[in-house]
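K.L.:
Per full-length UniProt numbering, the very first residue in the sequence shown carries number 1; after that it's consecutive. Where is the CB? At the ideal position from N, CA and C, for every residue including glycine. Would you mind keeping the following structure in view while I ask a few things?
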Amino acid sequence: MVAWSVELSEFDLTFSPRGAIKSQMLADFVLEMSTPPGEETTLPWTLSVDGVSNIRGSGAGVILEGPEGVLIEQSL
């Protein structure tokens, strides 16, 4: 690494960070993913809960179904 810096020092190179690109990418992402005012639609989610109790103990199952086929299952 030191050898490279010695060889490159003859070219008078300087480093300048490009922080503005990251900020612009974040701004573009937020603009692309946000919905315009008045067009916000809320799609329903369905929550199903099933419980069981027996001599060995008890438990519960939770299923959360969202729009566009989102399915989250958890057993407790």
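(1) Can you list, in chain order, the residues of its chain whose CB lies under 6 angstroms from that of L47, leaving out five sequence neighbours each side?
(2) If I measure Cβ to Cβ from E73 and keep anything under 6 angstroms in the same chain, skipping five residues before and after, which residues do I get?
(3) Starting from S5, trace the beta strand (DSSP E) in both directions and tell me its first and last residue.
(4) Please report the straight-line C-alpha distance between K22 and F29, rounded to a whole angstrom.
(5) Give the straight-line distance between the Cα atoms of S75 and T42, rounded to the nearest whole angstrom.
P.N.:
According to the structure shown:
(1) For the purposes of this step, residue 47 is taken as the residue at position 47 of the sequence shown. Cβ within range, chain order: L64.
(2) Here residue 73 refers to the residue found at position 73 of the sequence shown. Beyond the five residues adjoining it in sequence on each side, E73 comes within less than 6 angstroms, by CB distance, of I63 in the same chain, given in chain order.
(3) Numbered from 1 along the sequence shown, position 5 holds the residue referred to as residue 5. No beta strand (DSSP E) holds S5; the alpha helix (DSSP H) holding it covers V2 to L8.
(4) Counting from 1 along the sequence shown, the entry for residue 22 is found at position 22. Counting from 1 along the sequence shown, the entry for residue 29 is found at position 29. Distance between the alpha carbons of K22 and F29 is about 11 angstroms.
(5) Here residue 75 corresponds to residue number 75 of the sequence shown, with the count starting at 1. Here residue 42 corresponds to residue number 42 of the sequence shown, with the count starting at 1. The alpha-carbon atoms of S75 and T42 are separated by roughly 27 angstroms.
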